[in-house]
Amino acid sequence: MCTTPEEVTEKKETLNFIEQIVKDDLAAGKNGGRLQTRFPPEPNGYLHIGHAKAIALDFGIAEKFGGVCNLRMDDTNPQKEDHEFVEAIERDIEWLGYHWGKVLYASDYFEDLWEFAVALIKQGRAYVDEQTSEQIAQQKGTPTRPGQESPYRNRPIEESLRLFEEMNSGRIEPGKMVLRAKIDMASDNMHFRDPIMYRVLNMPHIRTGNRWNAYPMYDFTHGQCDYLEGVTHSICTLEFVPHRPLYDLFVDWYKETRGEDLSDNRPRQFEFNKLNLNYTLMSKRNLLILTQEGVVDGWDDPRMPTLCGIRRRGYSPESIRKFIDKIGYTVFDALNDMKLLESAARADLNERATRVSAVLNPVKLIITNYPEGQVEELEVVNNPERPEEGTHIIEFSRELWIEREDFKEEADKKFFRMYPGKETRLKSAYIVNCTGCKRNEETGEVEEIYCTYDPTSKAGTEGANRKVKGTIHWLSCDHCLPAEVRNYECLWTCENPRDAIKEYEEEHGVRGIEAMRPFINPNSISINKRAFVEKFLLTRKAFDYLQFTRTGYYNVDPDSTPEHLIFNSTVSLKEDKGK
RNA sequence: UGGGUCAUGGUGUAAUGGUAACACUACAGGUUUUGGUUCUGUCAUUCUGGGUUCGAAUCCCGGUGACCCAACCA
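Structure representation (structure tokens):
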């Protein structure tokens, strides 16, 4: 139990590369020894488990090194943004167990950004371009071919100034003009080929209402927001690596415009690998298609990788955090194995889940020597891993439901549950001896199984301390409740749907749902309406963690009612060979 | 000869020029009133070719492969 100082120092924890940078920066006194991060979602959809990886780093690093992490809604594009998503994002982060310093919005800085844009026009570093988006795209060149300068690039400053004001007047049609930064149309970095800073949308914004008609682009927003808020480490995913020089350039221009020292107190961007999970699709765009096409039943469908879906499926926030902690942060484009998530969930749920009896595929077991009409109340432990969680009562009687798979009329050596002539333990009850079964004359299906019980073998008494190979769970027919149990499989039949869909799109020239269908698992949900569960389950609330003994982890679906109990399978118990 | 980034068991991650390790998976066994948990063990790794060095997963050069960049998305 006691660890010596040596053991403690030996166990020195290895930091991921971003933590190491933060630690070094702090030690070197950069940014005045301050640490500030931010998690910057766009409120245009629901957070998924990939976001959880970013959240764990942004918030986790602040926690670990004594800094603060703000939640900043990246709301620069009012076309798809909504309050609904703002609320959902906050709820999901809280569910994961993280705490932000402040809730901020990129739109809080629209005035500052506008003034900055005006300053850049005056400095000759920005101009209004009146070409169509097609023309601009064409002039941009390709990664291997330099771009060409816009004919509007060197128009008079006064003209750009006037047109920029026009862009925000509401009188300019979207697409007619944009504000561009004058950088380098021949740059190897595509983002330097006169990036668009502002575009006309003529659309109200969830926060600023009708104040603006022209809105800033991500690249012209993010760095300045970070700077204004005092972010020291701006952490994002790998696809933003090419944006970093632009991020730095705009921040430098901004500081310069404000007459501030360039070298000091600037936010810096760092990038890590985003989460890829096998048999899982993560992109927001494609998840939207799944909901729109009715492949799934909304964003919180338990098959979805969204945090609300995962929560409804029965995963605990702790298991998500444990999983993310295990996969780590690097710059390698990894494809993580689902099995690791499942193992993290089992590890956590094993400690958390209340054990209950549920018979999913029932067949009747009759104890022929048990008195008819007799009922016993037996005590079962809620969680053997946590005795302090106590016990609850389950009724026992002459006729029970057991799992059809737990009986075989003719068994091989490896089968050690129930077959004629064999002793089997009914968990928390008695030891019984199977005497035979009755089959349906037409179908041949087993209809009833018979056994006798040993009255001296009641659980908890001396007579129970006998070695019996094989323990099964059961439910008293007259004392249990019908239930609906929803079982899930992966939504995808291929390990890497991201690549498979992309490939299919290119090969067959189709997009969206048509490219997804070939890889959608038709059996991703199966609903079992013939299951039985303990009455005790009436005391459980939505989202409660359960283990159906010997079967798997389940939770109470939020749509479950006492009249219509509904459970979701989270993940099965690990299975040894046999069966 | 576009630019950027990367490559360690089946999967992911560590080793910060000094004995290649950890977790998951798979497999074998002990314990067990869950074929769960727990415990023990087994298999298996530095993309490739050169170079520097007493010593290279680590540094350098070439090759191969993968990912990102050509939204008025973020």
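Per my numbering: the first sequence ends with 1132, consecutive numbering throughout. All C-beta atoms, glycine included, are put in the ideal place defined by N, C-alpha and C.
Taking a cut-off of 8 Å on C-beta distances, the stretch 1005–1013 does not touch the stretch 1051–1065, as fewer than three cross pairs fall below it.
Shown here, ALA767 sits in a strand according to DSSP, grouped into three states. The criterion of a C-beta distance shorter than 8 Å is satisfied by PRO757 and ASN763.
Contact between VAL909 and GLU1087 holds: CB atoms are separated by about 5 Å, below the 8 Å threshold. Straight-line measurement puts the Cα of GLU1048 at about 38 Å from the Cα of ILE749. Taking the CA atoms as reference points, THR977 sits about 8 Å from CYS987.
For the stretch 1021–1098, the continuous alpha helix (DSSP H) assignments of 4+ residues that do not extend past its boundaries occur at 1050–1061 and 1066–1069, in sequence order.
The beta carbons of ILE759 and ASP628 sit closer together than 8 Å.
Listed in chain order, the non-local C-beta contacts of GLU846 below 6 Å within the same chain comprise ILE1066, local neighbours out to five positions each way being set aside.
A straight-line Cα-Cα distance of about 6 Å links GLU824 and ILE788.
Looking at LEU888, ARG874, ASN831 and THR883, the one whose alpha-carbon comes closest to that of ALA897 is ARG874. With 16 or more other Cβ atoms from the protein chains shown falling within 10 Å of its own Cβ, MET857 counts as buried.
The beta carbon of LEU610 is closer than 7 Å to those of ILE571, ILE788, PHE825 and TYR882 in its chain, skipping five residues each way along the sequence.
Boundaries of the alpha helix (DSSP H) around VAL804: 797–810. Taken in chain order, the unbroken stretches of beta strand (DSSP E) that lie wholly in the stretch 817–841 and span 3 residues or more are 821–825. Between the stretch 684–698 and the stretch 656–670, the count of C-beta pairs closer than 8 Å stays below three; the two stretches do not touch. Within its own chain, the residues whose Cβ lies closer than 6 Å to the Cβ of ALA615, once the five positions on either side in sequence are excluded, are THR590, VAL621 and CYS622, listed in chain order. Across the set PHE793, ASP1129, ALA1053 and GLY586, the C-alpha of PHE793 shows the shortest separation from the C-alpha of HIS775.
Around the CB of SER722, fewer than 16 other CB atoms lie within 10 Å, so the residue is classed as exposed.
Nearest Cα to ARG1051 within the set ALA887, HIS744 and GLU925: ALA887. The stretch 728–748 and the stretch 640–657 do not touch, with fewer than 3 CB-CB distances between them shorter than 8 Å. For TYR1106 and ASN818, the gap between their C-alpha atoms comes out near 50 Å. LYS980 has its alpha-carbon roughly 11 Å from the corresponding atom of ALA1017. In this chain, LYS875 is not harboured by any beta strand (DSSP E); it is covered by the alpha helix (DSSP H) spanning 870–880. Only buried fits ILE863, as 16 or more other CB atoms lie within 10 angstroms of its CB. DSSP places GLY989 within a strand segment (E or B) once states are collapsed to three. Sorting LYS917, ASP854 and VAL681 by C-alpha distance to the C-alpha of LEU841 places ASP854 at the top. Taking the Cα positions, VAL999 is about 22 Å away from THR1104. The Cβ neighbour count for GLN822, taken over all protein chains shown within 10 Å, is at least 16; the residue is labelled buried. In the DSSP assignment, GLU640 falls within the unbroken alpha helix (DSSP H) covering 636–649. In this structure, ARG678 is the residue among ASP1112, GLU958 and ARG678 with its C-alpha nearest to the C-alpha of GLU711. Using a Cβ-Cβ distance cut-off of 8 Å, the stretch 863–872 and the stretch 917–932 are not in contact, since fewer than three pairs of beta carbons, one from each stretch, lie closer than that value. Rounded to whole angstroms, the Cβ separation of PRO915 and ARG1083 is 7 Å, and the two are in contact under 8 Å.
Under the 8 Å Cβ criterion, the stretch 577–587 does not count as touching the stretch 800–808, having fewer than three qualifying pairs. Under a 10 Å Cβ-count criterion, VAL928 is classified as exposed, with fewer than 16 other Cβ atoms of the shown protein chains found around its own Cβ.
Secondary-structure assignment with DSSP links HIS601 through a beta bridge to THR859.
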